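*Asks:* Each number in this note's numbering comes from the position in the sequence shown (counting from 1) with 293 added on. Where is the CB? At the ideal position from N, CA and C, for every residue including glycine. Keep in mind it's a predicted model, so treat the numbers as computed, not measured. I have a structure I would like to understand better, so I am pasting it below and will then ask my questions one at a time.
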Amino acid sequence: MPTPLFDSGFKNWTPDQLPDLSGKTYVITGANSGIGFEAARYLGKAGADIVMVCRTPAKAEPAQAALASEINGKVDLVEMDLSDLSSVRKGAEEVRKICGKINGLINNAGIMQTPQSKTVDGFDLQMASNHLGHFLLSGLLLDLVEAAEGRIVVVSSIAHKFGELNLEDFMSDIKHSPTNAYSHSKLANLMFAIELDRRLQASGSKAICIACHPGFAYTQLGSTGPKGLLKLLYKVIGPLMAQPSAKGAIPTVLAAAGVEAKRGGYYGPKRLSESRGPVGDAIVVDHALDQAKQTALWEKSEELVGFEWKIPALKGV
Numbered sequence: 294m295p296t297p298l299f300d301s302g303f304k305n306w307t308p309d310q311l312p313d314l315s316g317k318t319y320v321i322t323g324a325n326s327g328i329g330f331e332a333a334r335y336l337g338k339a340g341a342d343i344v345m346v347c348r349t350p351a352k353a354e355p356a357q358a359a360l361a362s363e364i365n366g367k368v369d370l371v372e373m374d375l376s377d378l379s380s381v382r383k384g385a386e387e388v389r390k391i392c393g394k395i396n397g398l399i400n401n402a403g404i405m406q407t408p409q410s411k412t413v414d415g416f417d418l419q420m421a422s423n424h425l426g427h428f429l430l431s432g433l434l435l436d437l438v439e440a441a442e443g444r445i446v447v448v449s450s451i452a453h454k455f456g457e458l459n460l461e462d463f464m465s466d467i468k469h470s471p472t473n474a475y476s477h478s479k480l481a482n483l484m485f486a487i488e489l490d491r492r493l494q495a496s497g498s499k500a501i502c503i504a505c506h507p508g509f510a511y512t513q514l515g516s517t518g519p520k521g522l523l524k525l526l527y528k529v530i531g532p533l534m535a536q537p538s539a540k541g542a543i544p545t546v547l548a549a550a551g552v553e554a555k556r557g558g559y560y561g562p563k564r565l566s567e568s569r570g571p572v573g574d575a576i577v578v579d580h581a582l583d584q585a586k587q588t589a590l591w592e593k594s595e596e597l598v599g600f601e602w603k604i605p606a607l608k609g610v
């Protein structure tokens, strides 16, 4: 029976509960639109400096200017294509030039239900963009998060409930559908977040990891990823049923900077099958909690991206 990870003690968190974030830095992938932009706005209005990590700087510059006009902190922009591991490594070095420490690394960017496609590294496009790129980025920047005793935030989805971790067909080559590949990648996001926080805690790291999901939010994902009937469906039901991006961003802001958030937690909307409503503890499907599979996913991810984290595996768990 799917349940929340634990009871955090609140059921309707809102951004007006944020503390003063002056002097703190938040690095947000996909910060030029949708959930990422709205999260940056909330954090920036609370005083934070923002580093926008985006695939196409020319398209992101108007968002950077808009954000800079609304907040008091700095707004920097870094180019990174999360589907390309060389771009992730290069972008991480650019982040290092800007940040001496990171209070929150928000792994937000993603694509949804795209047609089957391979990246330059030979990976499924959705798995690479949604999970593997963020897995590598988080490992490359962990020391900066630790320096701030900060948080790594992983944005998953209610779609994780329909995913099935299959390491034998991790790139969805054998059985592929745009929807299944998306659910698979979002399940990987959540399992990675849970495993990461457990490893951080066991190693005595000063960093923590918290996961979240936006519910059903009206963003560009529905128009830029799906094709054909799926795209038409989102065009029709999105404006009618989805909550605004500003609402969908609240769980991300809670996970990144809310003092009420608990390490290892998973947060999202509470109503209408977690698609919208007040924000609190979110439901995790049972198979996402399989620790042996979480560890196997971690090892597979390290192998694929060619990066070994500097935190130990958990023995006897």
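Is DSSP giving Cys505 helix, strand or coil here?
*Replies:* Residue mapping note: residue 505 aligns to position 212 of the sequence shown, counting from 1. DSSP places Cys505 in strand when its eight states are reduced to three.
*Asks:* Compute the beta-carbon to beta-carbon distance between Val381 and Leu429, rounded to the nearest angstrom, for a pair I have assumed lies under 8 Å.
*Replies:* Position 88 of the sequence shown, counted from the start, is the residue given in the question as residue 381. Position 136 of the sequence shown, counted from the start, is the residue given in the question as residue 429. Right, their Cβ atoms sit about 5 Å apart.
*Asks:* Check whether the region 333-344 and the region 307-321 are in contact - that is, three or more C-beta pairs closer than 8 Å.
*Replies:* Because the criterion of three Cβ pairs below 8 Å is met, the region 333-344 and the region 307-321 touch.
*Asks:* What residue range is occupied by the uninterrupted alpha helix (DSSP H) comprising Glu354?
*Replies:* Along the sequence shown, read from residue 1 onward, the residue named residue 354 stands at position 61. Per DSSP, Glu354 belongs to the alpha helix (DSSP H) from Pro350 to Ala361.
*Asks:* Could you give the residue range of the alpha helix (DSSP H) that holds Gly426?
*Replies:* In the sequence shown, residue 426 corresponds to position 133, counting from 1. Where Gly426 is concerned, the enclosing alpha helix (DSSP H) stretches over Gly426 to Ala440.
*Asks:* Which residues in the same chain as Glu439 place their Cβ atom closer than 8 Å to its Cβ, once the five residues preceding and following it in sequence are excluded?
*Replies:* By one-based count along the sequence shown, residue 439 stands at place 146. Only Ser498, Lys499 and Ala500 meet the Cβ criterion.
*Asks:* Measure the alpha-carbon distance for Val598 versus Asp490 and round it to whole angstroms.
*Replies:* Counted from its first residue, the sequence shown places residue 598 at position 305. Counted from its first residue, the sequence shown places residue 490 at position 197. When rounded, the distance between both Cα atoms is 20 Å.
*Asks:* If distances are taken between C-alpha atoms only, which option among Ala341, Ala361 and Asn325 comes closest to Thr349?
*Replies:* Sequence index remark: in the sequence shown, residue 349 carries index 56 (1-based). Among Ala341, Ala361 and Asn325, the Cα nearest to that of Thr349 is on Asn325.
*Asks:* What three-state label does DSSP hand Glu372 in the structure shown?
*Replies:* Taking the sequence shown and counting its residues from 1, one reaches residue 372 at position 79. Note: Glu372 maps to strand in three-state DSSP.
*Asks:* Quick one, which of Val552, Gly573 and His477 has its alpha-carbon nearest Cys505's?
*Replies:* Locating residue 505 in the sequence shown gives position 212, where the first residue counts as 1. The shortest C-alpha separation from Cys505 is found at Gly573.
*Asks:* Check Gln536 in the structure and name its three-state DSSP category.
*Replies:* If you number the sequence shown from 1, residue 536 lands on position 243. In this structure, Gln536 counts as strand in the three-state DSSP scheme.
*Asks:* Straight-line CA distance for Ser450 to Asn365?
*Replies:* On the sequence shown, residue 450 is found 157 positions in, with the first residue counted as 1. On the sequence shown, residue 365 is found 72 positions in, with the first residue counted as 1. Each residue's alpha carbon lies about 31 Å from the other.
*Asks:* At what residues does the beta strand (DSSP E) containing Leu398 begin and finish?
*Replies:* Start at 1 with the first residue of the sequence shown, and residue 398 comes out as number 105. First-last of the beta strand (DSSP E) with Leu398: Gly397 to Asn400.
*Asks:* Note down the Cα distance separating Met464 from Tyr475, rounded to an integer number of angstroms.
*Replies:* Along the sequence shown, one-based indexing puts residue 464 at 171. Along the sequence shown, one-based indexing puts residue 475 at 182. Looking at the two C-alpha atoms, the distance is approximately 11 Å.
*Asks:* So, at 8 Å on beta carbons, what are the nonlocal neighbours of Phe303 in its own chain, with the 5 sequence-adjacent residues on each side left out?
*Replies:* Within the sequence shown, residue 303 is the residue found at index 10, counting from 1. Excluding sequence neighbours, Phe303 sits near Glu553 and Gly573.
*Asks:* Return the residue from the list Leu434, Ala359 and Gly541 that minimises the CA-CA distance to Arg265.
*Replies:* Outside the displayed range of the chain (294 to 610) lies residue 265, so it cannot be described from this structure.
*Asks:* Taking the alpha carbon of Asp342 as the reference point, which residue from Ala358, Thr318 and Gly327 has its own alpha carbon closest?
*Replies:* Numbered from its first residue, the sequence shown carries residue 342 at position 49. The shortest C-alpha separation from Asp342 is found at Thr318.
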